Amino acid sequence: MLSQNDLKQIQKIFNPVQVDVSDLKKDVSGLKVDVSDLKKDVSDLKTDVSGLKVKVDVSDLKKDVSDLKTDVSGLKVDVSDLKKDVSGLKVDVSGLNKGLTQTQKDVKDIKKDVAQTRKDVKVIISYFDREYVELRKRIERIEEFLRLPPEN
């Protein structure tokens, strides 16, 4: 048989185990409460989700898709028309650019002609100035020769 001393030592060994077991019992009872709360929460969620379910009518979806297809095909036609319009505008702009290039060339030619005309006018004026001076000299000599009085 075991002595009193042996029993005390065995009891010392099992005392911490008993404390651990009692702590585990407390934890398990706490977990039972948590599980119960979780079950209630899941039940509440099921109720909420069943209230949120939306019934989808396939025929409505098909109608919506058909409407979208119609709208998209209309947009395709509009885009096609816009492309044609832009293409026509490109042709018009190209023609305008060609016309502008020709106009610029014509203006350049006119500027050259004006510059040449100015030179010609200067030459003519210079010529007439010389001729006038020469003519004036001749008239003065003739007046001197004829002994005409000078005009004032």
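Numbering (this note's numbering), first residue to last: 40 to 191.
By construction, the Cβ of each residue, glycine as well, lies at the ideal position given by its N, Cα and C atoms.
All values derive from a computational prediction rather than experimental measurement.
Short check: CB of residue i to CB of residue j, under 9 Å?
| i | j | result |
| --- | --- | --- |
| Ile-52 | Leu-41 | no |
Does DSSP classify residue i as helix, strand or coil?
| i | result |
| --- | --- |
| Asp-103 | helix |
| Glu-170 | helix |
| Leu-41 | coil |
| Leu-185 | helix |
| Glu-179 | helix |
| Asp-117 | helix |
| Gly-83 | The question names Gly, but residue 83 is Asp in the sequence shown. Here Asp-83 sits in helix by DSSP. |
| Asp-96 | coil |
Could you tell me if the beta carbon of residue i falls within a distance shorter than 8 Å of some heavy atom in the ligand GTP?
| i | result |
| --- | --- |
| Leu-114 | No copy of the ligand GTP occurs in the structure displayed, which carries no ligand at all. |
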